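Protein chains in written order, with the working numbering: chain A, 1357 to 1699; chain B, 1357 to 1699; chain C, 191 to 781; chain D, 191 to 781. Glycine included, each C-beta is placed from N, C-alpha and C at the ideal position. Source: prediction; values computed, not measured.
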Amino acid sequence: MTTARQPVNALGLTRADYRGAPSTLCAGCGHDSVTSQIIAAAFELALPPQRVIRMSGIGCSSKSAAYFLGRSHGFNSLHGRMPAVTTGAHVANHTLLPLAVSGDGDTGSIGLGGFKHLLRRNVPMVYIIENNGVYGLTKGQFSATADEGARLKHAGVNELPPIDLCAEALIAGCGFVARSFAGDAKQVRELIKAAFAFHGTAVIDVISPCVTFNNHDDSTKSYAYGKAHEEPLHDLTFIPRYEELVEEFAPGEVRDVRLHGGPMIRLRRLATDHDPADRMAAIALLEHARAAGEFITGLIYLSEGRPTLAESLGLGATPLAELPADTLRPPPEALAAVNDEFR
Amino acid sequence: MTTARQPVNALGLTRADYRGAPSTLCAGCGHDSVTSQIIAAAFELALPPQRVIRMSGIGCSSKSAAYFLGRSHGFNSLHGRMPAVTTGAHVANHTLLPLAVSGDGDTGSIGLGGFKHLLRRNVPMVYIIENNGVYGLTKGQFSATADEGARLKHAGVNELPPIDLCAEALIAGCGFVARSFAGDAKQVRELIKAAFAFHGTAVIDVISPCVTFNNHDDSTKSYAYGKAHEEPLHDLTFIPRYEELVEEFAPGEVRDVRLHGGPMIRLRRLATDHDPADRMAAIALLEHARAAGEFITGLIYLSEGRPTLAESLGLGATPLAELPADTLRPPPEALAAVNDEFR
Amino acid sequence: MNEFAITAVTVNGSGSQTANNAIMRAIFRMGIPVNGKNLFPSNIQGEPTWFTIRVSAQGYSARPASVPILVAFNPRTAEADLAALPAGGACLYPGDGAWRPARSDVALYPLPVRELVAASGFEPRMRDYAANMVYVGALAALIGIELEALHGALVHHFTGKARPVALNFGVVQAAYERFMADFPAAPAASRFRLQRMAATTGQILIDGNTAAGLGAIFGGVSFLAWYPITPATSLADTLSAYLPRLRTGPAGHPTYAIVQAEDEIAALGMAVGAGWAGARAMTSTSGPGLSLMTEFAGLASFAEIPCVVWDVQRIGPSTGLPTRTAQGDLLAAYFLGHGDTRHVVLLPGTVAECFEFGWRAFDLAERLQTIVFVLSDLDLGMNLWSSDPLAYPTTPMDRGKVLSAAELERLGSFVRFADPEGDGIGARTLPGNPHPLAATLSRGTGHNERNVYSERPEDWKANMDRLRRKHATARRLVPQPVVEHDPAATVGLISFGSSDGAVREARDQLRAQGLPTSYMRVRALPLGEATCHFIAQHHACVVVEANHDGQLCDLLRMHCPAHAARLLSVAHSDGLPLTAEFVAESVQELA
Amino acid sequence: MNEFAITAVTVNGSGSQTANNAIMRAIFRMGIPVNGKNLFPSNIQGEPTWFTIRVSAQGYSARPASVPILVAFNPRTAEADLAALPAGGACLYPGDGAWRPARSDVALYPLPVRELVAASGFEPRMRDYAANMVYVGALAALIGIELEALHGALVHHFTGKARPVALNFGVVQAAYERFMADFPAAPAASRFRLQRMAATTGQILIDGNTAAGLGAIFGGVSFLAWYPITPATSLADTLSAYLPRLRTGPAGHPTYAIVQAEDEIAALGMAVGAGWAGARAMTSTSGPGLSLMTEFAGLASFAEIPCVVWDVQRIGPSTGLPTRTAQGDLLAAYFLGHGDTRHVVLLPGTVAECFEFGWRAFDLAERLQTIVFVLSDLDLGMNLWSSDPLAYPTTPMDRGKVLSAAELERLGSFVRFADPEGDGIGARTLPGNPHPLAATLSRGTGHNERNVYSERPEDWKANMDRLRRKHATARRLVPQPVVEHDPAATVGLISFGSSDGAVREARDQLRAQGLPTSYMRVRALPLGEATCHFIAQHHACVVVEANHDGQLCDLLRMHCPAHAARLLSVAHSDGLPLTAEFVAESVQELA
Ligand SMILES: Cc1ncc(C[n+]2csc(CCOP(=O)(O)OP(=O)(O)O)c2C)c(N)n1
Ligand SMILES: Cc1ncc(C[n+]2csc(CCOP(=O)(O)OP(=O)(O)O)c2C)c(N)n1
Ligand code: SF4
Ligand code: SF4
Ligand SMILES: [Mg+2]
Ligand SMILES: [Mg+2]
């Protein structure tokens, strides 16, 4: 299949091997950019496609699960319910690597409760929210992240303040919270790679413009706004293995964050010096950005150490899904003993 | 009905007029203490019972809606869904004063999403969570506010960190966030009074011990723990009208918080000096208390100014529910004109 | 004459709706009954869309089994579309595109799209829009749509804005003339030519969701809580669009409120809360949302709270196909809830009934103090139908049994669930009623007459028995079936909702084939006496419906066990509305 | 002899369960079939509880219509309880309490509760517990429960802990002796005396939820996601209690996982995710939770994901009464979901079947690749029944059609929803399967054979038709009805689930009254051929069920329209299990 010309990764797979079906989203949709970076990240990380599961809810964003990693199993589930389905899949087989795409409506409106409870359980997964401040697939209603004062054709003016999904994640105890912009391909890609290396739920809230319904210049979810206002906290690079570190930096210029199992995230300092290990600082950062109307992107918070759900449950190495029948069904003697207790 | 001996309030009603059916909760249940303070607060505020609606979900806490304000209409609705029902009731008749009781399971588990969206809409109401860290009515399972490491008969050890409903409320933009303890009758009562005066959703998270399933001394939701560890932020008094202020305090000793429409909350300084007007300080306070395992109570955050839902909707003085038929049904000419548009 | 259909195949998001609607409205304004069916994909842009316009002097509105005129403007599907064209048909297509049709038994009309668009004066980004006007003009020439009528339709569409009207009409005219020049003989030779009629005088052209939304408004809706979902969204949009105009109070305040909820659970929860507090409250949704509303539906029924739920059905189970039609939620809606729950369900069959049931649903909900479902579907709800004008409500608003403080004072007592009139309906009081006796704690838990929690077996039983008396009252109050009796018939046809059109047309075909039939269109659940009566009058009754499992047939079997053996099911569901031919053939096979 | 019942009325939260269970187990250990029905309030402490112990040499287990022995330990209800006592009955009550019974046609036995408790050695806060032991001892004396059997029952209850056994048994003994001393003639005069039998040899005493939980464990459950709700909670608790012991793997890791979800939507969502990923996944709930599961149920059915849902029914609609029984969720479960959704529903009628269906449900779910519901109820699930011991699964675990990588390699292609065997079931692959062909994107949207999104009408139809072939396969695979044919009978009785006991006993009563009946107990949906066959064989069939609307009768009418007219409904639901007398009388009236 792989022609000699195409670059291959450590598994001998080409980038094309990480593609999915052709997208049916609108030309220019931010979600398609995220899809590209998912493909790139998976290719560059040389993820075995069979170990990844792509999970989604319902929406244009959730449809995009069909457009990447066609060799991976996946579940395009119900509106707002991807967290529950992924939780079950993780428990059944904790050796799988869930990669989820959701929308701001899917996660922030109907799915908010499930999102928070997923984070509480720390189900290890990459959770990408393709946040466009609007319901794309149902043709442009306000979502819970819509700008206050935004105006839409039928719905009129949005009088409600937006939900900040990063702040919600932080308060829920999430250990990997990032925000990015579909127009910032490299950052999106590097964050996805880092998220795959994270030991727990990694949330990436990607502002991903809906070109059809919410891309007017005064929307904070538009390309124009994102391009003009994005303030990356740092220049972020994922380094799969510590040894690969070559470039040297002056002290204070970079911040290296070591992850469970070896990989590292290198944050090269830009204007500010945000310490992603500081939870209160992370909350304050978001609070400040909100008040100031700033669009900050990058790794907002990272802290490993909380057990994953499978760890909390004490599961062994063999996934539950792969246990043989004789392990699952206790022997007749066991039933005889049980019967005796009811006499 | 009112015998001469019983004290009456400004409406000529006695405390008994604010009672409900006899409680069927366990003897000593924290929820019954909260019920008493609801009755006391309503009596002292001289609330017209017919204007209050008592709202609840399902649980022992929610059952308690039957045990106070028997002269008020009420709706004991579905598990976790009181917020939606109250939202609808408010829109239908924004002159009503919703007083809601819920549980930690009702609000923090099944109802978390609805809770957050209610706060976003700023439905004006008193929202009391009777938080015992356990599902009382279903006989003692962990709720989302259960202590990490807590142990229960069937469920074993709780491996998950508790949700902090005050932090959740703050992040959701709630303008009145308080925490209290069922054992601190005065504070509960004064907070309820202040909450009634607040212009928006007022959340009071009352630690309310479940004597049957979660009152062992090492539970942070037990009477023993609460009595030993409660650290009130301030001594709080609700002052219905500014003129009633008589007592004089040394400067710095009190903080007076003026509410929309005249009333005031007087906070007498105790050990710390928390400024409830500072949102970031409020979040930091909770974060610090969590990390340090402290049980702080009092008014954590207060900020008026956001419009209520009825205001956002631009509703007029007459409740929608009271509009006459000729206002609700446009005249035949209007239909004729509409028909013309479809020709 | 005036009995044919046109399908325009385009790419969605390309603005072809404007073109298709202009064609329809022009024909309609020529006095000819017309009906449109839009088959669109569940995405926003770039996928094929089939829009079928049926012209029918006889007023038939079912999906035509065969469409002789094809506008092949989507190269991706053109080959298959052409293959489906019956011999003798006509195909209009961009002659300057890549696709070349290869059939000799149909008339082929290549259109110089690029050229005409280039000359149109449209800005480059609007070119797709202009392209569609090319087929409008060509079609006008071929089948004889009056240009004036087209102009009027465009004026209507652009609400009079001169510039777009001029631009678009310019293309139409140019294409018209070019077609006449290129194919001078075509119009005369065409088997499909329009002839002015007077059959649509006074009528309107409207979709069911708009009619339903207007019905709700004229029914005095005061609260809509909803969550977006195809194909129900445009019902809510209708309220957003018309309420500001029709229902702003004297002091400039809205006499209504609309809240977009965070999900369907909350949407119905809010409607229940508002209905409880005295508003005329509703929500609108489709299958997945209906499923999520199950628990609240049970509460509304058991706690006896008036509210209205519109379910604009799409094909299911599960997420199914959001843009395909079906009548598959009948059982779901009727039994929505656990335990012994059954509901009142209205089944509009025409856009006029969408309007009528739009207002009537509130009267029923408040009279019966219960949740009322109205089942429309994508075909009825989102497609355009020729219809008699919307008829102003014939009865005053019925707010049901609500006791004021004065009435309470007079009565001296209040028992929420007493049933003095034997109709199963107790009087209610609204929150805010100042009378000391008014208060009651509503609940979904078991209760006695006084609405107080009770575990006593007798209380439970008495309450359920009363609720069933109320259900019996509902049987009488809901819209009764429409029956057309043919004395010569031994076979009866039964259907509901949007299948009406196909069944009516099939009856004509069957009569022509020597099989006269009677017809009963069910308009609501619970079913009443009349249905069993109709069945008993016929040797066999064929129940026609657009779902897979024959759900109405099942309900009829339950309801009329004595005659269940006479019921035959013709149920078909593939996402498309039924055709008359399918119905007629199926009946012939069975009867 | 050995045919009577006792009701102990106490205050809940007072520990009377220990006393009542000790009595039951002691009688059971005397070889006498016994069954308990606990009528408890929906609160935690302080409300009246009625516990009825039925002693029946003939093994009858239905709720007795009349109970001749009353233990009146709840002063609040004592007067009403006494009034319900039939003439000739006996009433035991605290003689030193405030309440004084006033009836001369029953035997009155005041017991010196305070005195005995004071002498018991119990700590003050355990006094209520001690008081209950007083009636145990007194009853033992009156009706002849062997003290040794009681001692054994207490040893069982306190799992051998010497001190509580000694303390409690001390009170029992003292009360026994005191009763003998106070009423020396009573035992001999009692019309209700126990006689040792050998009818329970080998049997067990168990509740349905425990049996169901154990069934799941022996069915290899690997994942339980649940949310607490009465009366289903003890099913989940059984898994929590037994799994650590029965299912800890060789390396000390659990071979299962239990997650308490945040609500029922998530609970079923998790089970669906786990079933999809290859676990044997289940959830347990009751009515309100079932309603919330509607949307996911439709997904599991349409995306063809195996998982198991136990619905331990309580009385509804809505929140209803959490601690009262009913069989009211039959229609809800069968049709759970919008669109054309119908499910596989198992209907255990005994605790032994709760165990059997506990394991079988997984085999069916994985074989049929679908969600399987099991409907128990509060009566079956939470009450104690004498039963044959739980029988080890008779068939090996059936994991259904799952393709390994090696099989994929051999086949060379994978079409998820192909139906080569005509049973409607395609082979699936599990996530993690390393073969490059294995991957597929599961979905609730319309899809073709390859599980790719499709809006093509033919694809939709073909998929639904296949799903209905699968439903037909399910008809064959599910547990078939149990039929007892009486050749002399013209009347057939039909029932399901926990109503079995009342119907069996009623048949004996009817036979004695000269009305022989046949009997069919339906054990699953979808209904099969056998049901119509049974109906056809009888002039009339009476369908007996504990719900208000006659739901099984409705389903039978739908299923067997040809014979629908022969079906008569006896449906009754007030929160209590049916009595045989009610069933017999109702059948007499109808037949
Ligand atoms: C239960 C349910 N309700 C409503 C819908 C309709 N629906 C489909 S997508 C969508 C919103 C999607 O918005 P978002 O998650 O922001 O995704 P986007 O399309 O913007 O990427 C809705 C409401 C549905 N599929 N299911
Ligand atoms: C949909 C639904 N699921 C489950 C239940 C069962 N249930 C009743 S109360 C309750 C938990 C109540 O816990 P909480 O809100 O903390 O109240 P508490 O009893 O502790 O005061 C549950 C799960 C229900 N009534 N409805
Ligand atoms: S509608 Fe918006 S979100 Fe959906 S595909 Fe188009 S651009 Fe993307
Ligand atoms: S169980 Fe707990 S929460 Fe419920 S009434 Fe008893 S003490 Fe209160
Ligand atoms: Mg979106
Ligand atoms: Mg609680």
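Can you tell me whether DSSP reads Trp549 of chain D as helix, strand or coil? In this structure, DSSP gives Trp549 of chain D a helical state, which the three-state scheme calls helix.
Let me see if you follow: with CB-CB separation under 8 Å, is Ser206 of chain D close to chain C or not? Ser206 of chain D is outside the set of residues whose beta carbon lies under 8 Å from a beta carbon in chain C.
Ala308 of chain C burial status per 10 Å Cβ neighbour count (16 or more: buried): Exposed, by the Cβ-count rule.
Pick helix, strand or coil for Asp1631 of chain A, following the three-state DSSP scheme. Of the three classes helix, strand and coil, the one that applies to Asp1631 of chain A here is coil, per DSSP.
Which word fits Lys1549 of chain A, buried or exposed, when buried means at least 16 other C-beta atoms lie within 10 angstroms of its C-beta? So Lys1549 of chain A counts as buried.
Excluding the 5 residues preceding and the 5 following Val564 of chain C in the sequence, name in chain order all residues of the same chain whose CB lies nearer than 6 Å to its CB. Trp500, Leu536, Phe547 and Ala551, listed in sequence order.
Going along chain C in order, which residues have a C-beta closer than 7 Å to the C-beta of Arg747 of chain D? Neighbours of Arg747 of chain D in chain C, taken as residues at a C-beta separation under 7 Å, are given in chain order as Arg747, Met748, Pro751 and Ala754.
I need the straight-line Cα distance from Gly456 of chain D to Ala320 of chain D, nearest angstrom please. According to the sequence as given, residue 456 of chain D is Ala; it is not Gly. Answer to the nearest angstrom: the Cα atoms are 43 Å apart.
Does Asn1449 of chain B get closer than 8 Å to chain C when you measure Cβ to Cβ? Closer than 8 Å to some Cβ of chain C, the Cβ of Asn1449 of chain B qualifies, so yes.
Given the structure, does Gly1492 of chain A come close to ligand 3, in the sense that its CB is under 7 Å from one of the ligand's heavy atoms? Within the cutoff, so yes.
Examine chain A for any beta-carbon lying closer than 8 Å to the beta-carbon of Pro507 of chain D, and answer yes or no. Cβ-Cβ to chain A under 8 Å: no for Pro507 of chain D.
If you follow the beta strand (DSSP E) that Ser1340 of chain A is part of, which residue opens it and which one closes it? Residue 1340 of chain A lies beyond the residue range present for chain A, which begins at 1357 and ends at 1699; the question has no answer from this structure.
Is the beta carbon of Ser1575 of chain B within less than 7 Å of some heavy atom of ligand 6? Ser1575 of chain B: no, Cβ never under 7 Å from ligand 6.
The alpha helix (DSSP H) that contains Ile1527 of chain B, what's its start and end? Start and end: Leu1521 to Ile1527.
If you compare alpha carbons, which of D:Arg244, D:Asp613 and D:Gly463 is closest to Lys227 of chain D? In terms of Cα proximity to Lys227 of chain D, the closest of D:Arg244, D:Asp613 and D:Gly463 is D:Arg244.
Inter-residue Cα distance where the pair is Gly765 of chain C and Ser577 of chain C: Answer to the nearest angstrom: the Cα atoms are 24 Å apart.
Between the segment 1454 to 1483 of chain B and chain A, which residues of the former have a C-beta closer than 9 Å to a C-beta of the latter? Under the 9 Å Cβ criterion, the segment 1454 to 1483 of chain B contributes Ser1465, Ile1466, Gly1467, Leu1468, Gly1469, Gly1470, Phe1471, Lys1472, His1473, Arg1476, Arg1477 and Asn1478.
Residues that Ile1709 of chain B contacts on chain A, provided the C-beta gap is smaller than 8 Å: In the structure as shown, chain B begins at 1357 and stops at 1699. Residue 1709 of chain B is therefore absent and cannot be evaluated.
Whole angstroms are fine: how far does the CA of Asp567 of chain D sit from the CA of Thr515 of chain D? So the two alpha carbons sit approximately 6 Å from each other.
Please list the partners that Asp453 of chain C has in chain A, where partner means a Cβ-to-Cβ separation under 7 Å. Chain A residues near Asp453 of chain C: Gly1436, Ser1465 and Ile1466.
Just how far apart, CA to CA, sit Asp1574 of chain A and Tyr1581 of chain A? Asp1574 of chain A and Tyr1581 of chain A have their C-alpha atoms some 7 Å from each other.
Which bits of chain B does Asp427 of chain D rub up against, with CB to CB less than 7 Å? Within chain B, the residues His1510 have their CB atoms less than 7 Å from the CB of Asp427 of chain D, given in chain order.
Please check if any C-beta of chain B sits within less than 8 Å of the C-beta of Trp466 of chain C. So, interface residue.
Around the Cβ of Thr423 of chain D, are there at least 16 other Cβ atoms within 10 angstroms (buried) or fewer (exposed)? Thr423 of chain D comes out buried.
Looking at the structure shown, is Leu565 of chain C part of a helix, part of a strand, or coil, going by DSSP? Three-state DSSP puts Leu565 of chain C in a strand.
Jot down the residue ranges of each uninterrupted alpha helix (DSSP H) in the segment 1541 to 1625 of chain B, minimum 4 residues, whole runs only, in chain order. Fully enclosed alpha helix (DSSP H) runs of 4 or longer: 1541 to 1553 and 1579 to 1585.
Other residues of its chain near Asn1571 of chain A: CB distance less than 7 Å, five sequence neighbours each side excluded: Take Asn1571 of chain A, set aside five residues on each side of it, and the residues of its chain with a beta-carbon closer than 7 Å to its own are Pro1565, Ser1578 and Tyr1579, in chain order.
Determine whether the Cβ of Leu1516 of chain B lies closer than 8 Å to any Cβ atom of chain A. Yes, Leu1516 of chain B counts as interfacial toward chain A.
Assign His1616 of chain A to one of two classes, buried (16 or more other C-beta atoms within 10 Å of its C-beta) or exposed (fewer than that). Only exposed fits His1616 of chain A, as fewer than 16 other CB atoms lie within 10 angstroms of its CB.
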